[in-house]
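One structure is given here, and the rest of the page talks about it.
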Amino acid sequence: MDLMGDWAMVWHGLAWSLVLVVWGVWSFACWLAQLVVGWDGWRQGGDWAAHVPEIPVPEWLAAMLGLEWVQALRSALVEWGPELQGWLQSWPDLGAIASGLVTTVWVVGTVVLVLVGLALSAFIAFLRRASAAAKRPG
Numbered sequence: 022m023d024l025m026g027d028w029a030m031v032w033h034g035l036a037w038s039l040v041l042v043v044w045g046v047w048s049f050a051c052w053l054a055q056l057v058v059g060w061d062g063w064r065q066g067g068d069w070a071a072h073v074p075e076i077p078v079p080e081w082l083a084a085m086l087g088l089e090w091v092q093a094l095r096s097a098l099v100e101w102g103p104e105l106q107g108w109l110q111s112w113p114d115l116g117a118i119a120s121g122l123v124t125t126v127w128v129v130g131t132v133v134l135v136l137v138g139l140a141l142s143a144f145i146a147f148l149r150r151a152s153a154a155a156k157r158p159g
């Protein structure tokens with residue numbers, strides 16, 4: 022049984038499935054970064070930590086992650102908050118450009134992931150052709 026020739030489409034599917042999973046994690050991280058950086062609570066002054074529980078978490082995400090994980094994220098945000106708030110307030114209006122920056126970073130990462138998927142597909146096709154050439158007599 023030739024694992025490369027007979028199973029080439031399966032390997033392509035696995036490669037693109039891996040790219041899709043990484044893209045999903047990448048998209049979630051960028052969405053979370055945009056949510057945190059663009060949050061209006063940073064501009065509310067010194068009492069921002071009291072507003073951390075008000076950060077909206079979609080119900081589907083809270084159900085998927087669990088309440089403990091959401092609370093751990095909020096605790097980490099309170100811990101990192103002073104540094105993040107100082108950084109955000111040092112820029113004139115980072116909230117206005119944060120969305121564009123995060124979107125640009127997301128697009129660049131998505132393009133890189135698509136290129137990785139194409140490279141994996143090309144490598145799988147090369148291995149399939151090399152395997153078929155090695156089987157030919159002569």
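Residues 22 to 159 in this note's numbering are what the sequence shown lists, from first letter to last. Cβ coordinates follow ideal geometry from the N, Cα and C atoms, glycine included.
Does residue i come out as helix, strand or coil in the three-state DSSP assignment?
i	result
G107	helix
W90	helix
G59	coil
R157	coil
V42	helix
W81	helix
Is it right to say residue i is buried, meaning 16 or more other beta carbons lie within 10 angstroms of its own, or is it exposed?
i	result
G34	exposed
A29	buried
W108	exposed
R150	exposed
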